[in-house]
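Engineer: Submitted below is the structure of interest, expressed as structure tokens.
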Amino acid sequence: MPKNIRLKNFRGTAVAAVLSALAACHSSDPSPATPGGGSRSNAPARCSNFAPDDFVTRNDLAPGNRRSDAQLMLRFLQFTDDHIIDDEGQAINGAGFLDPLLPTFESAMRLQQEYSDEVLNDMIRGVNDCHAQYPAEFMIVTGDSADLTTLAETRRFIDNLDGTYDRLSAFEKRCSQGLPEGLVAATCTRFTGRGVADTQSVDPNPDDPTYQLLATRTVRQILDATTASLTGRAADGSVDPVRQTTTRAPGMPEALRCHAGDPGCINDKLAMPWMVAFGNHDGYVRGTLALPQDVLNAALFVAGRRYLANQHEFIDEFFETDALPGPVGHGFQHADMARRLDDDLRNDGYYAFDAAGGRFRMIVMNTIIDGHDSRIPGNLLLNPFALSDGSIDAAQFAWIQAELATATARRQLVMVFSHHPDLTFAEFGMFAPLVPIEVTAAQLDAELASHPNVIAWVAGHTHVHRIRPFKVENGIGSNGSIEVPVDCKGPGACTGFWQIESASLIDFPQEQRLIEVFDNGNGSGTIRAPVLTHRLEGPRRLAESDDRCAFYLTDPAAVAAAITEANLGALCAQGGVRVGTAADRNVDLMFNMPD
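Residues are numbered in our numbering as their position in the sequence shown, beginning at 1, plus a constant of 914.
Right, dumping it as structure tokens:
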């Protein structure tokens, strides 16, 4: 989730977005409907959980339209910014009480926060229904699976996708080694969420003025969550202090504490393999503060919360999962073995894998900054000026260059994934001059654009549906904000790639995305990228009422600041929602197939 992200060339971005929208061709989806049931694996998907918007064909990078006889090459799903949240722990480990003091920062307190698990599981249910008719090869999470960076949140996320609950964590396995059995629960288990359901706060009333003003809303939510935590309040309003989550982290909510497939169980298991990328909420405290988690864990011992102390701890949890649909490791098993075995705790979070029988190479970057800043004595502050911004280091950039070169030699199409899109890299951040930047977003864009077989960079982080072309003309690549020379490595001409950002599941409009890639057989390809919705109207109404811009508007200074915060100025102009324009939602993105 962005905090204070400043874009140097916002006006250029806004102008480019307007021109792209004007240039887009609005149309109904040209895909023919297929009568009857059963699998329609090669047809363009037409699923009941698609957003109802008409499809828009965008020709920024190539002319034409998706042909009715186009051949499907790949279908997969993007989940992003799901933010499973321990709302009962926000007063302490989330520092939610600071929200009214920092109106230009996005609040960690949300009206809809109680339902993060349920909304994710309903999205899984809808995706599975779609997958039954239109099989997808995999799903990838482009970061921020957790919200406050705690172990229990990460476990809830994994268990949710696995259709289970209370699986033994990698942390508890390590922690319990050598401990007397009587000490395991207090020393290890209570940090994991195992054995206790998430308590249920009173639902906020969006029509109540005290839930509309940031200061009073924050106080009420903290009191509501703390009361629920102390009393063990359940969803039906009953209380039992035995269920308290004040000194132990909560696990899955009661409604989902069952195993997928059991009679009467509504906990659905994702029906396809899934991969994960790092997000800032998976690596920084509250997604913003790159502080030493081991020190904070000691301070929060009594509260039963544990921050994931380093990237290895986060990665290890994804090896505690079902073998099917898998894969065990959820992408991290693809990291080079030399990196996995060395002493560097920060270099295991990026990897690559083949898809569509080897026709595609999928490159998954790790864009979080959590390393030690050698200019600061000691180990108390870790890159304190990056906030929620992203970047990659020189070693990862060299690895990306090698992956691209190999994929080009193999004549593979390439898609790149990360949490942060380019305009949220650290050089655009509030304290950019103070952040040690080894590789800029412009350098990365230029490298990707220099390979004609790179067709898209898929990201999240901004909680916005936004699609931009990074277009190459006369040796110069640009997306309207970044402009950089591109040295085309061929074979064939370099014309650019699509930059696809999808909205979050925690904030309105609570949508994700399906992505299909077609070969039109005439030298062009199409990335078809419809938006996916969930079906829980209660959480959706709370999310819509909780819109960030409503709170920016309570503070004129914050409104001015928002103009340079991840394009939030454009969002407020839309009425304060992150739905994007028609050209950012259900889209057919045309591109040139490489020679």
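Quick reminder that beta carbons are idealized off the backbone N, C-alpha and C, glycines included. All values reported here derive from a predicted model rather than from experimental measurement.
Using only the alpha-carbon positions, how far apart do Asp-967 and Met-1037 sit?
Structural biologist: Residue mapping note: residue 967 aligns to position 53 of the sequence shown, counting from 1. Residue mapping note: residue 1037 aligns to position 123 of the sequence shown, counting from 1. Roughly 18 Å between the two C-alpha positions.
Engineer: Helix, strand or coil: which one does DSSP assign to Ser-1332?
Structural biologist: Against the sequence shown, residue 1332 aligns to sequence position 418. Note: Ser-1332 maps to coil in three-state DSSP.
Engineer: Does Phe-990 come out as helix, strand or coil in the three-state DSSP assignment?
Structural biologist: In the sequence shown, the residue the question calls residue 990 occupies position 76. Phe-990: strand per DSSP, three-state reduction.
Engineer: Just reading off the beta strand (DSSP E) that Leu-1428 is part of, what are its end residues?
Structural biologist: Taking the sequence shown and counting its residues from 1, the one referred to as residue 1428 is at position 514. For Leu-1428, the uninterrupted beta strand (DSSP E) segment begins and ends at 1426-1433.
Engineer: In chain order, what residues of the same chain lie with their CB nearer than 6 Å to the CB of Cys-961, ignoring the 5 residues before and after it?
Structural biologist: Counted from its first residue, the sequence shown places residue 961 at position 47. Cβ neighbours of Cys-961 beyond the five flanking positions: Cys-1044.
Engineer: Let me know the alpha helix (DSSP H) ranges lying completely inside the region 1189-1238, each 4 residues or longer, listed in chain order.
Structural biologist: 1207-1213 and 1225-1231
Engineer: Distance check for Ile-1229 and Asp-1257, CA to CA, integer angstroms please.
Structural biologist: Your numbering for residue 1257 matches position 343 in the sequence shown. Your numbering for residue 1229 matches position 315 in the sequence shown. Looking at the two C-alpha atoms, the distance is approximately 15 Å.
Engineer: Relative to the C-alpha of Gly-1435, which residue among Ser-1305, Ala-1300, Ala-984 and Leu-1065 is closest?
Structural biologist: For the purposes of this step, residue 1435 is taken as residue 521 along the sequence shown, with counting starting at 1. Closest in alpha carbon position to Gly-1435, among Ser-1305, Ala-1300, Ala-984 and Leu-1065, is Ala-984.
Engineer: Does the ligand HEM have even one heavy atom less than 7 Å from the beta-carbon of Glu-1032?
Structural biologist: This structure simply doesn't include the ligand HEM, nor any ligand for that matter.
Engineer: Nearest to Ser-1030 by CA position, among Ala-1050, Ser-1059 and Gly-1404, is which residue?
Structural biologist: As a working mapping, residue 1030 is identified with position 116 in the sequence shown. The shortest Cα separation from Ser-1030 among Ala-1050, Ser-1059 and Gly-1404 belongs to Ser-1059.
Engineer: Just to confirm before moving on: does the CB-CB distance between Leu-986 and Phe-1432 stay below 8 Å?
Structural biologist: Here residue 986 refers to the residue found at position 72 of the sequence shown. Here residue 1432 refers to the residue found at position 518 of the sequence shown. Yes.
Engineer: From Gly-1245 to Thr-1056, what does the alpha carbon distance come to, in whole angstroms?
Structural biologist: As a first step, residue 1245 is located in the sequence shown; it is residue number 331 there, counting from the start. As a first step, residue 1056 is located in the sequence shown; it is residue number 142 there, counting from the start. In a straight line, the C-alpha of Gly-1245 is about 12 Å away from that of Thr-1056.
Engineer: Excluding sequence positions up to five away, which residues of its chain have a Cβ less than 7 Å from the Cβ of Thr-1511?
Structural biologist: Only positions 915 to 1509 of the chain appear in the structure, and residue 1511 is not among them; the question remains open.
Engineer: Does the beta-carbon distance from Met-1504 to Arg-972 come in below 8 Å?
Structural biologist: Residue numbering aside, residue 1504 sits at position 590 when the sequence shown is read from its first letter. Residue numbering aside, residue 972 sits at position 58 when the sequence shown is read from its first letter. Yes; because the gap between Cβ atoms is below 8 Å, this pair is in contact.
Engineer: Taking just the CA atoms, how far does Leu-1327 sit from Pro-1513?
Structural biologist: Absent from the model: residue 1513. The displayed extent of the chain is 915 to 1509, so no value can be given.
Engineer: Compute the Euclidean distance between the alpha carbons of Arg-1171 and Thr-1113, then round it to the nearest angstrom.
Structural biologist: As a first step, residue 1171 must be located in the sequence shown, where it is residue number 257. As a first step, residue 1113 must be located in the sequence shown, where it is residue number 199. CA-to-CA, the gap between Arg-1171 and Thr-1113 works out to about 13 Å.
Engineer: Can you tell me whether Leu-1259 is helix, strand or coil according to DSSP?
Structural biologist: On the sequence shown, position 345 is the one that residue 1259 refers to. In the structure shown, Leu-1259 sits in coil (DSSP, three-state: anything other than H, G, I, E or B).
Engineer: Measuring alpha carbon to alpha carbon, tell me which residue in Ala-1223, Asp-1001 and Glu-1168 is nearest Thr-1141.
Structural biologist: The residue given as residue 1141 occupies position 227 in the sequence shown. The candidate whose alpha carbon is nearest that of Thr-1141 is Asp-1001.
Engineer: In this structure, does DSSP put Asn-1042 in helix, strand or coil?
Structural biologist: Residue numbering aside, residue 1042 sits at position 128 when the sequence shown is read from its first letter. Asn-1042 falls in the helix class under three-state DSSP.
Engineer: Over the uninterrupted beta strand (DSSP E) stretch that includes Ala-1266, give me the two end residues.
Structural biologist: Indexing the sequence shown from 1 puts residue 1266 at position 352. Where Ala-1266 is concerned, the enclosing beta strand (DSSP E) stretches over 1265-1269.
Engineer: Quick one: measure Cβ to Cβ for Met-1279 and Val-1330, integer angstroms, because I've assumed they're closer than 8 Å.
Structural biologist: As a position in the sequence shown, residue 1279 is number 365, starting the count at 1. As a position in the sequence shown, residue 1330 is number 416, starting the count at 1. Yes, Met-1279 and Val-1330 are in contact; Cβ-Cβ is about 7 Å, under 8 Å.
Engineer: Which residues in the same chain as Gln-1247 place their Cβ atom closer than 7 Å to its Cβ, once the five residues preceding and following it in sequence are excluded?
Structural biologist: Within the sequence shown, the letter at position 333 stands for residue 1247. So the qualifying residues of the chain are Pro-1241.
Engineer: Which stretch, first to last residue, makes up the beta strand (DSSP E) that contains Lys-1385?
Structural biologist: The residue given as residue 1385 occupies position 471 in the sequence shown. Looking at the DSSP string, the run of the beta strand (DSSP E) that includes Lys-1385 is 1380-1387.
Engineer: Are Ile-998 and Phe-1232 touching if we call contact CB-CB under 8 Å?
Structural biologist: Walking along the sequence shown from the start, residue 998 turns up at place 84. Walking along the sequence shown from the start, residue 1232 turns up at place 318. Contact flag unset, no.
Engineer: Per DSSP, what are the beta-bridge partners of Phe-1274 in this structure?
Structural biologist: Looking up residue 1274 in the sequence shown gives position 360. Partner(s): Ala-1269 and Leu-1327.
Engineer: Work out the CA separation of Tyr-1265 and Gly-1040 for me, nearest whole Å.
Structural biologist: To locate residue 1040, count along the sequence shown from 1; it is residue 126. To locate residue 1265, count along the sequence shown from 1; it is residue 351. Using only the alpha carbons, I get a separation of about 28 Å.
Engineer: Enumerate in chain order the residues of its own chain whose CB-to-CB distance from Leu-1184 is below 8 Å, with the five nearest sequence positions on each side excluded.
Structural biologist: Your numbering for residue 1184 matches position 270 in the sequence shown. Counting only residues of its own chain and dropping the five nearest sequence neighbours on each side, Leu-1184 has a CB closer than 8 Å to the CB of Ile-1038, Val-1041, Asn-1042, Met-1053, Leu-1075, Asp-1076, Gly-1077 and Pro-1239.
Engineer: Exposed or buried, what is Glu-1425 when buried is set at 16 or more other beta-carbons lying within 10 Å of its beta-carbon?
Structural biologist: Along the sequence shown, one-based indexing puts residue 1425 at 511. So Glu-1425 counts as buried.
Engineer: Per DSSP, Val-1400 is paired with what?
Structural biologist: The count along the sequence shown starts at 1 and reaches residue 1400 at position 486. Answer is none; Val-1400 lacks a bridge partner.
Engineer: For Asp-1154 and Gln-1126, I'd like the C-alpha separation in whole angstroms.
Structural biologist: Residue numbering aside, residue 1154 sits at position 240 when the sequence shown is read from its first letter. Residue numbering aside, residue 1126 sits at position 212 when the sequence shown is read from its first letter. So the two alpha carbons sit approximately 30 Å from each other.
Engineer: Please state whether DSSP places Phe-1299 in a helix, a strand or coil.
Structural biologist: In the sequence shown, residue 1299 corresponds to position 385, counting from 1. Coil at Phe-1299, not helix or strand.
Engineer: List the whole-angstrom C-beta distance separating Leu-988 from Ala-1270, where the pair is believed to meet the contact cut-off of C-beta under 8 Å.
Structural biologist: For the purposes of this step, residue 988 is taken as the residue at position 74 of the sequence shown. For the purposes of this step, residue 1270 is taken as the residue at position 356 of the sequence shown. The Cβ separation is near 4 Å, so the contact holds.
Engineer: Alpha carbon to alpha carbon, how far is Ala-1100 from Phe-964? Give it in angstroms, no decimals.
Structural biologist: For the purposes of this step, residue 964 is identified with residue 50 of the sequence shown, where counting begins at 1. For the purposes of this step, residue 1100 is identified with residue 186 of the sequence shown, where counting begins at 1. Taking the straight line joining both Cα atoms gives about 45 Å.
Engineer: Can we say the region 1345-1361 touches the region 1389-1404, given the rule of at least three CB pairs closer than 8 Å?
Structural biologist: yes
Engineer: By alpha-carbon positions, which one of Asp-996, Gly-1243, Pro-1508 and Met-1507 ends up nearest to Met-1189?
Structural biologist: The residue labelled residue 1189 in the question sits at position 275 within the sequence shown. The residue with the shortest Cα to Cα distance from Met-1189 is Gly-1243.
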